[in-house]
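Below: one structure, written as structure tokens.
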Amino acid sequence: MVVMNLAEAIGSGLDDALSNDDRVVLLGEDVGRNGGVFRVSSGLQERHGENRVIDTPVAESGIVGTAVGLAIGGMRPIVEIQFMGFSYPAFDQIASHVARMRNRSRHRFTVPMVIRLPYGGGIGAAEHHSESNEAIYVNTPGLKVVVPSTPYDAKGLLTSAVADPDPVIFLEPIRLYRAVKEEVPGEPFDVPIGQARIIQAGEDVTIITYGAMTKECRAAAQQLDTEGVSAEVIDVRTLVPLDVETLVTSVTKTGRAVVVNEAARTGGYAAEIVAQLQHEVLFSLEAPVERVTGWDTVFPLKKTESYYLPSVARIVAAARTTLEA
Amino acid sequence: MEQILTPEGTLIADSPLGVDDVRRLYRSMVAARLFDRKSVALQMQGRLATYAPFEGQEAAQVGSAAAMRSDDWMVATYRDAAAMWMQGYPWESLFLWRSGDERGGRPPDDVPVLPPSITVGAHMLHAVGLSWAAKLQGRDTASVTYFGDGATSEGDFHEAMNFASVYSTGTVFVCQNNGYAISMPTDRQTSSDTIAQKADAYGMPGVLVDGNDLLAMYDATSVALARARAGDGPTLIEALTYRIGPHTTNDDPGRYRQRREEDEWRLKDPIERVRRYLEAMGVWDPAWQAEIENVESEVIESAVGQAEAVESQDLEMMFGGMFETPTQNLIAQRELMRPHLEGE
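For the record, the sequence lines run as chains A and B. Take the first sequence: its letters are residues 1 to 325, numbered as in the numbering used here. Take the second sequence: its letters are residues 326 to 669, numbered as in the numbering used here.
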């Protein structure tokens, strides 16, 4: 076991993938010599060479589009887009080709590819650097979408994503890159895609979230605890395919749910979770399911980020609303 | 502009092919035109969905594809059935695909041809990636990608040219400049004198070829593939040709061009000029023409029969097409749909 932060854990997973499978290549802007803008791939080009850790021209569509050909041609590309907000130029390749090649060729040509997208706000960055647009990937059939929130899950899910025979969108919560440290096995291991994790058990209300928002939700649960409210906190970890069963079991028990995502409210992933819950557990619900989300505004610049991002206070208030209903 | 065989059927340079090979490729062009006209007819009968005819572009496709090795990748578009067939994609798969059946997007396992690209331009990057993969694997397999003049306005054309050049991949870019992107003439896509000259900006050779000249297309593609295999990088070939028919069976060219222009291009027909050459060489006569048309028509009729005889798709095929193993969610949705199937 080695103590790692989330960025180091992803780097360790990339290192393992490059060491254990000759077909794996990592490509993206500044991923080689510079180790990536977040230094996630620091040292990997020195270790594995310029043909395995490939610095590309600044062209997101080109990176993903050539990776489609690399994948069909027998490689296992891992693509880094520097920020999720810069994935739009690649979106045509992702939606029109990455996600469809298997179906279009009825399993003859497949695209086993991992697309790493650092995402989310709270870092006071320039415009376009704080996006949380996972809903557009979730609503694109043919993609799996995973979001780790701990170093352990980050390495384990990355290993699963690289081994997956289908394309995986791998969301990396920028705000947590260096915010959490824990012991992670130095050797490869996997965390299965499609399994939620109960961060803490509770009896009165279920708080469902993923990615960077796990931090606020944990803090909210602690505060609720001081008020005598026992909250169960669930990190869904995989958006597609969603582990509905774990959510249903929990909300059947607690009868109350708060769903938290930092993306814009309308059509956000929280809405999908709410739709699943109302269908599966309606008669166990003691109160309407609450959503705590970002707003239907552009993600604000540094000075007003706190107006936008779900806060501990907003999550606690939403939990109280379900308890008072 | 590179030309070997004039529209009158006269050689003005050494032929890169012996007369037997020219005869074989002539026959391929005849077969391709029969397929194209058959497809238009089937579409009018409602037996195929929308069809994009390639009449007039047979030499551009057959000549270039004939230069490929059987393991070279081909990444082409909805108008490139002749090229795809040359590289092994069966007529029956092309008919099946055009009839609205995803199974037509799956060529036999030993055919290195991706299903036709519908989006304009994006597929060129796939061709770059395929030849890049071969290079990383230490193989000299090349890739050839086909696209039209309109596609050169797309950003992905430029990203593909740039990546191919930066990584020196064995990619051959074949632009069939057929005069129109649906309704818009080439001079509204670009103010460059030629498309070939765009290669200069990416540090690769760009060659302008008479796209209606089978021999020139074969020759230019052979040179580009030799360069690719030697590790010297990509080439852009501009094949100057003309789309005799509409953009698709839903299009009416009368809205945007003069019939006279089509008639002028008919005089430069890619098949007729080879016929004249073969006749002058004493290896063409009407009896042989009738014989090959009969045989190739039968082959094409048989392919139509095979495509129309496939069993209908079931729900498992549709829901099972998305991932190697369908997710629980997809299985649940499949079962939601099952009671609503027509006739059940």
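Beta carbons: idealized from backbone N, C-alpha and C, even for Gly. Fair warning: this is a prediction, and the values are worked out from it, not measured in the lab.
Checklist line | C-alpha gap between B/M399 and A/G69, whole angstroms | finding: The count along the second sequence starts at 1 and reaches residue 399 of chain B at position 74. The count along the first sequence starts at 1 and reaches residue 69 of chain A at position 69. If you take the alpha carbons of B/M399 and A/G69, they lie about 11 Å apart.
Next item on the list: Ignore the nearest five residues each way along the sequence and tell me which others in B/K363's own chain have a CB closer than 6 Å to its CB.
Entry: Here residue 363 of chain B corresponds to residue number 38 of the second sequence, with the count starting at 1. Correct list, in chain order: I625.
Next item on the list: Pull up the distance between the alpha-carbon of B/H483 and that of B/A489, whole angstroms please.
Entry: Mapped onto the second sequence, residue 483 of chain B falls at position 158. Mapped onto the second sequence, residue 489 of chain B falls at position 164. Each residue's Cα considered, the two are about 10 Å apart.
Next item on the list: Put A/G82 into one of helix, strand or coil per three-state DSSP.
Entry: Your numbering for residue 82 of chain A matches position 82 in the first sequence. For the record, residue 82 of chain A in the displayed sequence is Gln; it is not Gly. The answer is coil: DSSP assigns A/Q82 none of H, G, I, E or B.
Margin query: Quick check on this structure: which residue in A/R218, A/T266, A/A219 and A/Q276 has the alpha carbon closest to the alpha carbon of A/T246?
Written below: Here residue 246 of chain A corresponds to residue number 246 of the first sequence, with the count starting at 1. Minimum Cα distance to A/T246 is reached at A/Q276.
Item checked: Helix, strand or coil at A/I234 according to DSSP, with G and I counted as helix -> Here residue 234 of chain A refers to the residue found at position 234 of the first sequence. Of the three classes helix, strand and coil, the one that applies to A/I234 here is strand, per DSSP.
Item checked: A/G85 versus A/H128: straight-line alpha-carbon distance, rounded -> As a position in the first sequence, residue 85 of chain A is number 85, starting the count at 1. As a position in the first sequence, residue 128 of chain A is number 128, starting the count at 1. Straight-line Cα distance between these residues: approximately 5 Å.
Check: First and last residue of the alpha helix (DSSP H) that includes B/Y670?
Finding: The shown model of chain B, from 326 to 669, leaves out residue 670 of chain B, and the question about it has no answer.
Notebook entry, point to check: chain A partners of B/T652, CB-CB under 7 Å?
Noted result: In the second sequence, the residue the question calls residue 652 of chain B occupies position 327. Within 7 Å Cβ-Cβ: P241.
Checklist line | Best match in B/Q638, B/I507 and B/A357 for proximity to B/K582 [C-alpha to C-alpha] | finding: Locating residue 582 of chain B in the second sequence gives position 257, where the first residue counts as 1. Strictly speaking, residue 582 of chain B in this sequence is Arg, with Lys absent from that position. Looking at the Cα atoms, B/I507 is the closest of the given residues.
Margin query: For a test of the three-state rule: what should DSSP assign to A/T252, helix, strand or coil?
Written below: Working through the first sequence from its first residue, we reach residue 252 of chain A at position 252. Of the three classes helix, strand and coil, the one that applies to A/T252 here is helix, per DSSP.
Check: Counting Cβ pairs closer than 8 Å, one from the region 54-68 of chain A and one from the region 27-35 of chain A, do we hit at least three?
Finding: Contact holds between the region 54-68 of chain A and the region 27-35 of chain A, because three or more Cβ pairs, one in each stretch, are under 8 Å apart.
Note to self: Which same chain residues end up closer than 6 Å to A/G268 when comparing Cβ atoms and leaving out the 5 residues on each side of it in sequence?
What the structure shows: The sequence position of residue 268 of chain A within the first sequence is 268, counting from 1. Taken in chain order, the residues that qualify are A135, N261 and T293.
Check: If you drop the 5 nearest sequence neighbours on each side, which residues of the same chain put their C-beta closer than 8 Å to that of B/I350?
Finding: Numbered from 1 along the second sequence, position 25 holds the residue referred to as residue 350 of chain B. At residue 350 of chain B the sequence reads Leu, which differs from the Ile that was named. The answer, listed in chain order, is L342, V387, G388, A391, L539, Y543 and V599.
Margin query: Using DSSP's beta-bridge definition, name the partner residues of A/T209.
Written below: Working through the first sequence from its first residue, we reach residue 209 of chain A at position 209. Looking at the DSSP assignment, A/T209 forms a beta bridge with A/D235.
Next item on the list: Go ahead and pull the three-state DSSP assignment for B/P437.
Entry: Residue 437 of chain B sits at position 112 when you count from the first residue of the second sequence. B/P437 falls in the coil class under three-state DSSP.
Next item on the list: Please name the residues in the region 455-474 of chain B whose beta-carbon is closer than 7 Å to at least one beta-carbon of chain A, in chain order.
Entry: L455, W457, A458, A459, L461 and Q462
Checklist line | Chain-order list of residues whose beta-carbon lies under 6 Å from that of B/S493 (same chain, five-residue window excluded) | finding: Position 168 of the second sequence, counted from the first residue, corresponds to residue 493 of chain B. Here the set comprises G558.
Checklist line | For A/S12 and A/T297, the rounded distance between their alpha carbons | finding: Stepping through the first sequence from its first residue, residue 297 of chain A is reached at position 297. Stepping through the first sequence from its first residue, residue 12 of chain A is reached at position 12. Approximately 36 Å between the Cα atoms of the pair.
Next item on the list: Answer with buried or exposed for A/E286, where buried requires no fewer than 16 other C-beta atoms within 10 angstroms of its C-beta.
Entry: Taking the first residue of the first sequence as 1, we reach residue 286 of chain A at position 286. Exposed, because fewer than 16 other Cβ atoms sit within 10 Å of the Cβ of A/E286.
Next item on the list: Determine contact between the region 615-625 of chain B and the region 212-220 of chain A, defined as no fewer than three beta-carbon pairs at a distance below 8 Å.
Entry: no
Notebook entry, point to check: According to the neighbour-count rule (16 or more other Cβ atoms, all chains shown, within 10 Å of its Cβ), is A/P288 buried or exposed?
Noted result: Taking the first residue of the first sequence as 1, we reach residue 288 of chain A at position 288. With fewer than 16 Cβ atoms within 10 Å of its Cβ, A/P288 is classed as exposed.
Next item on the list: Please list the partners that A/K69 has in chain B, where partner means a Cβ-to-Cβ separation under 7 Å.
Entry: Residue mapping note: residue 69 of chain A aligns to position 69 of the first sequence, counting from 1. As written in the sequence, residue 69 of chain A is Gly, which differs from the Lys given in the question. Going along chain B in sequence order, the residues near A/G69 (Cβ under 7 Å) are L450, H451, A452, V453, G454, L455, W457 and A458.
Margin query: Can you pull out the residues from the region 639-667 of chain B whose beta carbon lies closer than 7 Å to at least one beta carbon of chain A?
Written below: For the region 639-667 of chain B, which is checked against every Cβ of chain A, the residues closer than 7 Å are G646, M647, F648, E649, T652, Q653 and N654.
Next item on the list: Can you tell me which of A/I193, A/E232 and A/A161 puts its alpha carbon nearest to the alpha carbon of A/G202?
Entry: Locating residue 202 of chain A in the first sequence gives position 202, where the first residue counts as 1. For A/G202, the closest alpha carbon among the candidates A/I193, A/E232 and A/A161 is that of A/E232.
Item checked: Reduced DSSP secondary structure (H/G/I, E/B, other) of A/D92 -> What you label residue 92 of chain A is simply residue 92 of the first sequence in a count that begins at 1. A/D92: helix per DSSP, three-state reduction.
Item checked: For B/Q368 and B/T574, the rounded distance between their alpha carbons -> If you number the second sequence from 1, residue 574 of chain B lands on position 249. If you number the second sequence from 1, residue 368 of chain B lands on position 43. Going by C-alpha positions, B/T574 is about 8 Å away from B/Q368.
Item checked: Residue closest to B/L640, alpha-carbon to alpha-carbon, out of B/A632, B/S627, B/A634 and B/L661 -> Start at 1 with the first residue of the second sequence, and residue 640 of chain B comes out as number 315. Among B/A632, B/S627, B/A634 and B/L661, the Cα nearest to that of B/L640 belongs to B/L661.
Margin query: Tell me which residues share the same chain as B/G473 and place their Cβ nearer than 8 Å to its Cβ, disregarding the 5 neighbours each side in the sequence.
Written below: For this step, residue 473 of chain B is matched to residue 148 along the second sequence. These residues qualify, in order along the chain: T402, R404, V445, C500, Q501, N502, N503 and A506.
Checklist line | B/A506 (DSSP reduced to helix, strand or coil) | finding: In the second sequence, counting from the first residue as 1, residue 506 of chain B sits at position 181. Here B/A506 sits in strand by DSSP.
Next item on the list: Mind checking the region 426-443 of chain B against chain A and listing, in chain order, the residues whose C-beta falls within less than 8 Å of any C-beta there?
Entry: E427, R428, G430, R431, P432, D434, L439 and P440
Next item on the list: Using a Cβ cut-off of 9 Å (strictly closer), state whether B/D525 contacts chain A.
Entry: On the second sequence, position 200 is the one that residue 525 of chain B refers to. So, not an interface residue.
Check: Closer than 9 Å, CB to CB, is B/T380 near chain A or not?
Finding: Taking the second sequence and counting its residues from 1, the one referred to as residue 380 of chain B is at position 55. Rather than Thr, the amino acid found at residue 380 of chain B in this sequence is Glu. So, not an interface residue.
Checklist line | Beta-carbon proximity of B/D434 to A/R106, cut-off 9 Å | finding: The residue you call residue 434 of chain B lines up with position 109 of the second sequence. The residue you call residue 106 of chain A lines up with position 106 of the first sequence. No.
Note to self: Under 8 Å, with one C-beta from each stretch per pair, do the region 373-380 of chain B and the region 528-536 of chain B reach the 3-pair mark?
What the structure shows: no
Item checked: Rounded separation between B/A545 and B/P571 - CA only -> Numbered from its first residue, the second sequence carries residue 545 of chain B at position 220. Numbered from its first residue, the second sequence carries residue 571 of chain B at position 246. For B/A545 and B/P571, the distance between alpha carbons rounds to 28 Å.
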